[in-house]
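*Asks:* Structure incoming, see below.
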Amino acid sequence: MTPPPDITIGIAALSLLACLSPLLTLSYLWQLKEWRWDRLREHLQREGIFRTLFGWTRPLIVALYVAWWIVVAFLERTASNEHSFALLGYFALSVYLTPVLLGLLTVVQFVRHAQRIPKWTQKSLAVTLGAGLLDAATIAVLIWTSSLPLIPFLVLLQPVAIVLSWLAFSPIDRILKHRIIQKATVLRAQRDMMVIGITGSVGKTTTKELLAHLLADRQPLVTPAHVNTEMGVAQWLTKQLQKPQVTDKSAPRILIIEMGAYAKGEIKNLCSIVQPTMGVITYIGSQHLALFGSQQALIDAKSELLEALPETGHAFLNGDCAPCRLMKSRCKCPATIVGTAGHDDLQALAVNVLDTGIGFHVNKTSFDVPIHGAHNVTNVLLAVAVGQHLGMTLPEMKERLKTFAPPKSTFDVRTAHGVLILDDTHNASEASFQAAIEWARVQPESHKVLLTSGIIELGSKDEARIHHELGASAAPIFDEVFFLNPSLAKPFAKGFGKRVTVVGKNTAINRLPPKTLLICVGRMPKSTIDRFVPVS
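Start counting at 1 in the sequence shown, then tack on 923, and there's your number in my numbering.
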């Protein structure tokens, strides 16, 4: 089957266009999972491998194409020469039309603004472009070998294309990573700096920002939002330590590093780069249990920060969290335990939830901090304990914390057109979810609505149980619940005992009336929240 050159070129172009949409979607998804096999595997297992990788429309078109192929092959055996020629013509037409249909799907995705596109970095460009070139080469070979009927199947092979491209790029990627990490390690070793590492299941970003606010006069270098991995910190640190003002003798001498991890050994590697002198553990919960395998593995991973501290260093632990308290035995340096139970090294008493934030007393000093959620008391205490260790007084810190502004989308409270919104969409954990439910309970609004994407990477063992418990906790408080993740909505709904609405891109949403409380928990774009808020 050898069509004219112009038709061949058209088929090739349409086939590449057909491959573009799944290729971009897979690249986007893998980048979202930080190009990690473990996180991608967990996502595919939870959301469904076939649906996530292929969708339903493209496989259906290819399946109809195969069915027609089989029908033609069967009829051709019994047809006359005249009819046989006609059947082959119909099949040839399907070879041309199938790429047209598949290509139109890509166009529709872009026209509807429904196409997911990765953030264009050197890595995403290399991997996506490499997969595209592999597609182009495959199409060229199929045309050259007169195998045009096989071209429609290429749209289903995009997972293979992206994996092969990633594997081809990996050796170069590893070399580049090694160079960046080595450079960051050397630059850090050349400078006498106090490095404060902060880790935990939740509360890392809030505690980091609280501490940065307290130490603002000392001009600390602080990791920006979403930078808490080995590679991210190494890249950021290299840029910061090469700036002229940092190489000067009067440069900042304090580094505040947020440390995240998805597996054992990652915080240890990060510590080998930044060489922390102080460590803060905010909370140990159930976050990312699907990746760690057990809570003990999670505790071991977070303890790597404490084990990396020198004997002259200092650790700060959340005493309200039993696993954190037990981690004191991992320290070879002094440790300060903070909490609200009345028997810790630094204690908050008379905790009060205010309209403007939280209030409490520490050693007869009254704190009023404009940050919401009683669970944030220990985060404030950890920052205060570090400040006190560095010579700041409680009255001084009390005044400074009055002007603190919490990180956006981290238990952030705002009002939009009469609707009171709690935005906790930076991240989500069982503890922060329960804290949001408790905060909603004490609010005066009569109509309360929960919008959530649920909590991911909990593992199949705990996922249903935790969401069932969250649903039961939410039942007496919320009038309506909207869920962005259908699979997580089911166990939540069982615990909630009432109807839970699953929200998709095309779901019709009635905007909430003024004087409604809207609690938003879990990763979601701002545009999703805006769908619920009155226009004016």
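From the three backbone atoms N, C-alpha and C, an ideal C-beta is built for every residue, glycine too.
Ignore the nearest five residues each way along the sequence and tell me which others in Lys1321's own chain have a CB closer than 6 Å to its CB.
*Replies:* Closer than 6 Å at Cβ, skipping near neighbours: Thr1288 and Phe1290.
*Asks:* To the nearest angstrom, how far is it from the Cα of Pro1094 to the Cα of Lys1100?
*Replies:* The straight-line gap from Cα to Cα measures roughly 10 Å.
*Asks:* So what's Cys1443 in DSSP terms, helix, strand or just coil?
*Replies:* Reduced to three states, the DSSP call for Cys1443 is strand.
*Asks:* State the DSSP-derived secondary structure class of Glu1403, mapped to helix, strand or coil.
*Replies:* Glu1403 falls in the strand class under three-state DSSP.
*Asks:* Inspect the beta-carbon positions of Ile934 and Tyr1019 and report whether they are closer than 8 Å.
*Replies:* Yes, these two residues count as a Cβ contact at 8 Å.
*Asks:* Please state whether DSSP places Leu1232 in a helix, a strand or coil.
*Replies:* In this structure, Leu1232 counts as coil in the three-state DSSP scheme.
*Asks:* Between which residues of its own chain and Asp1268 is the CB-CB distance below 6 Å, once the five residues before and five after are set aside?
*Replies:* The residues are Thr1259 and Ile1260.
*Asks:* Can you check which of these residues, Leu1249, Ile930 and Leu1304, is closest to Leu1272 by C-alpha distance?
*Replies:* Closest option to Leu1272, Cα to Cα, is Leu1304.
*Asks:* Can you tell me whether DSSP reads Thr1451 as helix, strand or coil?
*Replies:* Three-state result, Thr1451: helix.
*Asks:* Per DSSP, what are the beta-bridge partners of Glu1153 in this structure?
*Replies:* According to DSSP, which records beta bridges pairwise, Glu1153 is partnered with nothing at all.
*Asks:* If I follow the unbroken alpha helix (DSSP H) through Asn1302, where does it start and stop?
*Replies:* Where Asn1302 is concerned, the enclosing alpha helix (DSSP H) stretches over Val1300 to His1312.
*Asks:* Hey, how far is the Cα of Arg1141 from the Cα of Asp1115?
*Replies:* One C-alpha to the other measures close to 15 Å.
*Asks:* With the cut-off set at 8 Å, would you say Gly1123 and Tyr1206 are in Cβ contact?
*Replies:* Cβ atoms of Gly1123 and Tyr1206: closer than 8 Å.
*Asks:* Measuring only between beta-carbons, confirm whether Ala941 sits less than 8 Å from chain D.
*Replies:* The question asks about chain D, but that chain is absent: this structure has only one protein chain.
*Asks:* Which residues in the same chain have their Cβ closer than 8 Å to the Cβ of Leu947, if we skip the five residues on either side of it in sequence?
*Replies:* Cβ neighbours of Leu947 beyond the five flanking positions: Gln1038, Arg1039, Ile1040, Pro1041 and Thr1051.
*Asks:* Applying the 10 Å Cβ sphere with the 16-neighbour rule, what's the burial state of Lys1421?
*Replies:* Exposed, because fewer than 16 other Cβ atoms sit within 10 Å of the Cβ of Lys1421.
*Asks:* Check whether the stretch 939 to 956 touches the stretch 965 to 983, taking contact to mean three or more Cβ pairs, one atom from each stretch, closer than 8 Å.
*Replies:* Yes: the two stretches touch, three or more of their Cβ pairs being nearer than 8 Å.
*Asks:* So, for Ser938: in the same chain, excluding its five sequence neighbours on each side, which residues have a beta-carbon less than 7 Å away from its beta-carbon?
*Replies:* Only Pro1022, Ile1062, Ile1074 and Leu1077 meet the Cβ criterion.
*Asks:* Out of curiosity, what's the CA-to-CA distance linking Leu1065 and Thr931?
*Replies:* Rounded to whole angstroms, Leu1065 to Thr931 spans 11 Å at the Cα level.
*Asks:* Anyone know if the C-beta pair for Ile1180 and Ile1104 falls short of 8 Å?
*Replies:* Not closer than 8 Å, so no.
*Asks:* What alpha helix (DSSP H) runs, 4 residues minimum, are completely inside the stretch 1334 to 1366?
*Replies:* For the stretch 1334 to 1366, whole alpha helix (DSSP H) runs of length 4 or above, ordered along the chain, are 1353 to 1364.
*Asks:* According to DSSP, is Lys1321 part of a helix, a strand, or is it coil?
*Replies:* Residue state, collapsed to three classes: helix.
*Asks:* With a threshold of 7 Å on Cβ separation, who are the neighbours of Val1425 within its own chain once the five nearest residues in sequence on each side are excluded?
*Replies:* Answer for Val1425: Phe1406, Pro1409 and Ala1412, listed in chain order.
*Asks:* Looking only at its chain, what residues have a beta carbon closer than 7 Å to the beta carbon of Pro1082, apart from the 5 residues adjacent to it on each side?
*Replies:* Leu949 and Leu976, listed in sequence order.
*Asks:* Would you mind giving the Cβ-Cβ distance between Gly1394 and Lys1417, rounded to the nearest angstrom? I have them listed as a contact below 8 Å.
*Replies:* Sure, about 7 Å apart at Cβ, within 8 Å.
*Asks:* According to DSSP, is Thr1128 part of a helix, a strand, or is it coil?
*Replies:* DSSP places Thr1128 in helix when its eight states are reduced to three.
*Asks:* Cutting at 6 Å between CB atoms, please list the residues of its own chain near Phe1401, excluding the five before and the five after it.
*Replies:* The residues are Lys1371 and Leu1373.
*Asks:* Our contact map puts Asp1243 next to Thr1333 with C-beta atoms below 8 Å; I'd like the distance itself, whole angstroms only.
*Replies:* Contact flag wrong, Cβ pair sits at about 19 Å.
*Asks:* I need the DSSP call for Gln1081, collapsed to helix, strand or coil.
*Replies:* Residue state, collapsed to three classes: helix.
*Asks:* Does the beta-carbon of Thr1161 have 16 or more other beta-carbons within 10 angstroms, so that it is buried, or is it exposed?
*Replies:* Label assigned to Thr1161: buried.
*Asks:* In terms of residue numbering, what span does the beta strand (DSSP E) encompassing Thr1259 cover?
*Replies:* Run containing Thr1259: Ala1258 to Gly1262, per the beta strand (DSSP E) assignment.
*Asks:* With distance defined between alpha-carbon atoms, name the residue in Thr1451, Phe1356 and Lys1325 nearest to Thr1279.
*Replies:* The shortest Cα separation from Thr1279 among Thr1451, Phe1356 and Lys1325 belongs to Lys1325.
*Asks:* Please classify Phe1008: is it buried, with 16 or more other beta-carbons within 10 angstroms of its beta-carbon, or exposed?
*Replies:* Caution applies to Phe1008, whose pLDDT of 49 falls short of 50 and renders its modelled position unreliable; the model cannot decide the point.
*Asks:* Answer yes if the stretch 1335 to 1343 comes into contact with the stretch 1305 to 1315, meaning at least three C-beta pairs across the two stretches below 8 Å, and no otherwise.
*Replies:* No, they do not touch.
*Asks:* Whose C-alpha, out of Thr1068, Ser1047 and Met1117, is nearest the C-alpha of Leu1090?
*Replies:* Nearest option by C-alpha distance: Ser1047.
*Asks:* Just to confirm, is the Cβ distance from Gly1208 to Val1276 under 8 Å?
*Replies:* Taking 8 Å as the Cβ cut-off, Gly1208 and Val1276 do not qualify as a contacting pair.
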